[in-house]
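In order, the protein sequences belong to chains X and Y.
Those letters in the first sequence? Residues 1 to 750, by the working numbering.
Those letters in the second sequence? Residues 1 to 750, by the working numbering.
Every residue gets a Cβ at the ideal spot worked out from N, C-alpha and C, and that includes glycine.
Structure record follows, encoded as structure tokens.
2 protein chains.
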Amino acid sequence: MDLNPKPWTQTTVVGKAVPRIDGAERLSGVTRYALDVSLPDMLFAATLRCPHAHARVVKVDLSKAREMPGVRAILSDADKEAQIPWYFNGYGPNARALSRLFDPHCRYQGEEIAVVAAETQLQAWDAVRAIQVEYQQLPFVTSLEDAQKPGAPPVQDGGNLASPASVYTRGDIAKGFAEAEAVVEETYRTSCELHTSQEVHGCVAHWDGDLLTLWDSDQSPFDIQRGVAELLRMPLSKVRVNARYGAGFGSKLDTSKYMVAAALIARKTRRPVKYFLTREEVYLCVGNRPAHLMKLKAGAKKDGTLTAFELTAAGEVGAYPGDDNVGQMVQELYTCPNVKITEDQYFINAGQNRAFRAPGFPQCAWALEQTMDALAEKLGLDPVDFRLKNVAMVCQTEENRPYTSNGLPQCLSEGAKAFGWKEARAGARGEAAIVRGVGVASGMWGYLAPPHATVIVKYFDDGSANLNMGSTDIGTGHCTVMAQIVAEELGVPLGKIEVESADTQTTQFADGASGSRSVMITGPAVRSACLDVKAKLLAAAAAEFQVFDGDLKFENGEITGPPGVPRTPARRLRFVQEQGVVVGVGVRAPHPANKSVRPFCTHFAEVEVNRRTGEVRLVRMLAAHDSGRVMNLATYSNQVYGGITMGIGFALTEQRILDANTGKMLNANFHDYKIPTALDVPAELTVLPIDPHDTEVNSTGTKGIGEPALVPAAAAIANAFYHATGVRATVSPITRASVINLLHQGRKQG
Amino acid sequence: MDLNPKPWTQTTVVGKAVPRIDGAERLSGVTRYALDVSLPDMLFAATLRCPHAHARVVKVDLSKAREMPGVRAILSDADKEAQIPWYFNGYGPNARALSRLFDPHCRYQGEEIAVVAAETQLQAWDAVRAIQVEYQQLPFVTSLEDAQKPGAPPVQDGGNLASPASVYTRGDIAKGFAEAEAVVEETYRTSCELHTSQEVHGCVAHWDGDLLTLWDSDQSPFDIQRGVAELLRMPLSKVRVNARYGAGFGSKLDTSKYMVAAALIARKTRRPVKYFLTREEVYLCVGNRPAHLMKLKAGAKKDGTLTAFELTAAGEVGAYPGDDNVGQMVQELYTCPNVKITEDQYFINAGQNRAFRAPGFPQCAWALEQTMDALAEKLGLDPVDFRLKNVAMVCQTEENRPYTSNGLPQCLSEGAKAFGWKEARAGARGEAAIVRGVGVASGMWGYLAPPHATVIVKYFDDGSANLNMGSTDIGTGHCTVMAQIVAEELGVPLGKIEVESADTQTTQFADGASGSRSVMITGPAVRSACLDVKAKLLAAAAAEFQVFDGDLKFENGEITGPPGVPRTPARRLRFVQEQGVVVGVGVRAPHPANKSVRPFCTHFAEVEVNRRTGEVRLVRMLAAHDSGRVMNLATYSNQVYGGITMGIGFALTEQRILDANTGKMLNANFHDYKIPTALDVPAELTVLPIDPHDTEVNSTGTKGIGEPALVPAAAAIANAFYHATGVRATVSPITRASVINLLHQGRKQG
């Protein structure tokens, strides 16, 4: 039996919008997230963090803090076991230690100076306040633009250039622009955004002898196992990370200092330690989407054929290296023979950037899709038609290989039809106090070559099943979708499937929940494990009934076959009854080497702009996505709703504000850092799945929806804003103040 | 690569007496046994039990108990969800429900009437005492002999015959005795023994939504998962049993009422519930080795050739059916053409029997090996020589198939030599106050055809490994031995191996820790999983170095090969680095169908009998065992020490005493129920492993040591007692009072 066959042609459970298998538990509060883990004798940890944007710690006096009630241990740079180098480029031979666990050179507001463990959380916080520190404050830099200035205060010893310019070229850029009959050029700026996960970052650390267990709120337990093991110089087998109810939008992929500190202080006190950050600490210290400056120039012929793209981009990584790149969509989304991209990145005295849902892509879409809009206008073409003309059907960065599927043309055309694009676009721009406009933007997501995933399915002789997989459900419904595959293949009702996930000790390896690839990586492995179970059942039935196993079928938990073979529930097979359980092992096969894999999408937005108050209100949005097969329309749609909501935040409200005078973050709280609420999301939000029946990508036909759902949303809103007002908003977010300013200037912002 | 090859011919780690990998944790108290599991918000349960040997519950008044402080729920037969039929013959179509969870017909002292859950353990016990019950007391029967009498009070509706006589015959028993030139006949009686596990029985029950988790002190999590699922009508996948630090000598194999009650009351209160029995409850309610009456007649020719065995045995199962059979050694141990065995079992009003280390075998050895001793004496033969002459080299109950190995001749001859048997035996029986004697007895263990076992080994790219197996280490060192196999095959140091075991959700299936088969079942599966890892590594290395994988070797974590292939640590292979972890899956292959499998043994004992005080003191013992390969002499020897210690208890001190007047147990505590202490065990205790290099039984060459270690010990002591005193002690235990009585009568007891 082929354990990695072509995708299903007909399905019963897969594709249904079944409710989440853990929905009741999650809603009722029964689910034990990492934050809910409570162990007997547990201590609580809290951190003393540098209050300055840039300072050197001259002296730390712990004596008063040690005498505070309930304090059991304090860990600082004075402890030998805590003098651990801290890396920012992985842990291999090329890793660079730019800091250490408690580095006396604090490069941003929030760097760790000491950790206290006490009997209660309040005692821990009180003790932190009792630590006396003498700082030598240093000059600082708080913006990308300032960081690039000659003589700017250096964040790192080598200066503020975090990574030298990377240059990509294709064709001849000069020739491209020479051939162009229309050229547009614009500078775009996106703001630094914070992930703002619902569950704050943190873990509970516990030692059983030489085995360290971390119950951690993260997305990638196997990566964190590796990071912690390397930093503590432990064997991987002795570090157990459980992230069963994972979380995060990218900021929980990395090994963080609190994990290592929790392990150390638990070992020191010989007690479990709960160590969760406060919301303010999360805003300051565990990642963000870096601000970007992007200068994009594009040229096209009169018929709409693109001739050249030139992008010059600078990213603001914070105090330590990050890796958001913004060029990929410019390289790949549209057919363009001549492309040049130059990217570099700069340090500032602020928290370090970390991967944030589709790193680099929403920024790129902000520039690219507004540029496409401007170019279409200049050419007198409809923005949808202009894009349709230029959709690339081969992957221009991967040897022009065809895609396993590319539904972008359908996203554009079917999306436009469903949205009523032509009609909405036709209305003339008014001069009323409130004006309306519609915009469109496309996007894609850059597929990351995934590692191996192994899945175990146990089929019990009562017809129930246990699914064991390394991947974590970060709130996407991943466990439900994976259970649907088991239900589909083995005929087990969803209510009889129990999922064990995301524990480095008890589950097999799977890559972290990142790159929109959980379903596409683990799904085929789950199917493969089910098929392995089925193959074993059929072989056993064939032996029992003395027939050829090719003549037998396993459907809905029953074996059927030619005349003479009684219809037999699998659990009645002698083999199953003897073994008690049938163990199937599945691995994911690589996708075909001669094809490229990308999900694609187009978003349509309609906005109302109040020209007096500056308010931008989303009237409706439509999101057309080609992410391959829709496994569950409910979880799929939720991903799109979430992506669009984040896109609204990107477009209209979210930005980290650093005070240039003090270097401190001014809005490190829910009140001042504005994420969209239910009232900011349009009631009319349409999800239009495009499934071009990708039969090649893998055995489930799936490509991933998590990240593309966000990519073009903000750009579509910005284009609708332009359509409504005639003014281009190049700087994100488009706040009320900026709208008033833009309209007052009667021209583009910035 | 053959994943189930012949056993090793050379080993590096296997066979070494390495210390237990979890020794430090167990000794330091870090290990969390089920009894140590503590969950937030946990309630504590306690049981109201019938104080009478036989009674009908007329009325239960819970009103006062409900008002006791801290009480959160009471479960009794009045609760619909608790009206669960209770089975005693498994749960299949032939199961008979003879009782229910809280049966108003209480058939022994200790039957469950109600369970209370309260905020503290003391509150739960107090509330139990506040329950008011009206009982109608019924006539009862407290001994096997009384139970058989006509007109005895019936324990069950059908009378006191628990199972009709099973009859086994081979050859012609009349002809056999006709041919005999010497015949002996004797009636033996063994007492009811209690398991007396160190950890009392109990569990912690917790519900996560519809998933029930039991942290249970047991030996067979997969069996208990099945029992609880059947009784609560739940899918197997929704019942998770964790018995990582298992325990028990057979009394923790079965689904017990406390497990189901804990699950129900946790569901009712929506809180975790800790439910452990008291020592007294353990003595009363969760199993025992049943008393047996055995009449054994044996005949032989003058040259020592056995001609006939006739055994008539009756067992005392307690109030519900049990299944100790005592005939197998009579059938198999010695070559004998004519055998007849008749066995039946009787109910009495006392706790039910359960499997107890080598069920039936020590009882049988008590009768058989004393009979062999008596027959040798009658024939004028040395007891060792007499046995040697009759050792059966084929399995007489399995079509006379040869054994994969039979080291019994070596156990007898090499054991006799090492013990100094001839010299010790030669000394004349004295008439001093203190007399000495030596005795010998042989034994075997009946191999139970094992089910399938599946094991996962994860090999991490830092050269550490995770072993995932369903079997539980009940204190035998099983995890250590299994880790040695991983170390042997993969070159991973023991300190870098983490073992995950005995969790029905996170580990694969393995049969319970019973039948002395943990090592022989799981061991080959572990080896097979390691070989699967190795095969994957070699295939990857072959691809990387462009050579044939048959030319490569994997040793001590390194790939080596022909010239041109650099010596490469496995973790440096591209394949391993890409995958992060290599997953190997192993299954156990069945043993060869044309062979039978048994472990064999011979024990030698020397005793001193104080003819004035009746004290019997063990001077020394030697245990020669053929259990196949010795995987770890330290854990192997511990099994033998433990078996002999239990044998001393069987022979000299242990017996349940029921008061014939009240039907109550008089010694349900550590003080009155005498298990041997360190002072009762001889300082000179010699373990003599006989390894006849069994290359056929499985890929490790192991046969099992746990149960044979106990089987002949008591019989060897009884034979030594006879040698010392000239009086045969047919009734176990040989207490001081019985010795005085026997010596006073100058003849056999009973």
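Residue i - partner residues in DSSP beta bridges
{"i": "A105(X)", "result": "Note on residue identity: the sequence assigns His, not Ala, to residue 105(X). Paired residues: R56(X)."}
{"i": "K238(Y)", "result": "Bridge partners of K238(Y): none, in fact."}
{"i": "S76(Y)", "result": "A114(Y)"}
{"i": "K458(X)", "result": "N466(X), V583(X)"}
{"i": "I434(Y)", "result": "N610(Y)"}
{"i": "C395(Y)", "result": "R401(Y)"}
{"i": "H292(X)", "result": "T190(X), G315(X)"}
Top-ranked residue by Cα proximity to residue i, from the options
{"i": "L743(Y)", "options": "V435(Y), S38(Y), A358(Y)", "result": "V435(Y)"}
{"i": "E181(Y)", "options": "F386(Y), G327(Y), K595(Y), K302(Y)", "result": "K302(Y)"}
{"i": "T404(Y)", "options": "L3(Y), D462(Y), P7(Y), D2(Y)", "result": "P7(Y)"}
{"i": "D691(X)", "options": "T9(X), T142(X), V533(X), P733(X)", "result": "T9(X)"}
{"i": "F309(X)", "options": "D344(X), D385(X), A178(X)", "result": "A178(X)"}
{"i": "N325(X)", "options": "T255(X), M294(X), A300(X), T725(X)", "result": "M294(X)"}
{"i": "L138(Y)", "options": "A73(Y), P154(Y), Q148(Y), V128(Y)", "result": "P154(Y)"}
{"i": "G446(Y)", "options": "T454(Y), Q328(Y), T371(Y)", "result": "Q328(Y)"}
{"i": "D461(X)", "options": "E230(Y), A152(Y), L658(Y), Q132(Y)", "result": "E230(Y)"}
{"i": "S627(Y)", "options": "L658(Y), G701(Y), R612(Y)", "result": "G701(Y)"}
DSSP-derived helix/strand/coil call for residue i
{"i": "R25(Y)", "result": "Per the sequence shown, residue 25(Y) should be read as Glu rather than Arg. Helix at E25(Y)."}
{"i": "H744(Y)", "result": "helix"}
{"i": "H478(Y)", "result": "helix"}
{"i": "V18(X)", "result": "coil"}
{"i": "P154(X)", "result": "coil"}
{"i": "N661(X)", "result": "coil"}
{"i": "D2(Y)", "result": "coil"}
{"i": "M631(X)", "result": "coil"}
{"i": "I648(X)", "result": "helix"}
{"i": "W445(Y)", "result": "coil"}
{"i": "C50(Y)", "result": "coil"}
{"i": "G750(Y)", "result": "Reliability of the predicted coordinates at G750(Y) is poor, the pLDDT of 40 falling under 50, and the value obtained from them is presented with this limitation in mind. Reduced to three states, the DSSP call for G750(Y) is coil."}
{"i": "F548(X)", "result": "coil"}
{"i": "K297(X)", "result": "strand"}
{"i": "F309(X)", "result": "strand"}
{"i": "N669(Y)", "result": "coil"}
C-beta contact flag for residue i and residue j at 8 Å
{"i": "V200(Y)", "j": "F276(Y)", "result": "yes"}
{"i": "Q396(Y)", "j": "E332(Y)", "result": "yes"}
{"i": "P708(X)", "j": "M393(X)", "result": "no"}
{"i": "K274(Y)", "j": "A45(Y)", "result": "yes"}
{"i": "V204(Y)", "j": "L39(Y)", "result": "yes"}
{"i": "S197(X)", "j": "A247(X)", "result": "yes"}
{"i": "L284(Y)", "j": "L75(Y)", "result": "no"}
{"i": "F650(X)", "j": "S732(X)", "result": "yes"}
{"i": "C479(X)", "j": "S501(X)", "result": "yes"}
{"i": "W207(X)", "j": "A34(X)", "result": "no"}
Every unbroken alpha helix (DSSP H) within the region 333-392 of chain X, with a cutoff of 4 residues, ordered by chain: Positions of the alpha helix (DSSP H) runs, each at least 4 residues long and wholly inside the region 333-392 of chain X, are given as 361-379, 383-390 in order along the chain.
Any alpha helix (DSSP H) of 4 or more consecutive residues that is wholly inside the region 552-602 of chain X: 574-579
Alpha helix (DSSP H) segments (min. 4 residues) lying fully within the region 710-746 of chain X: 713-725, 736-745
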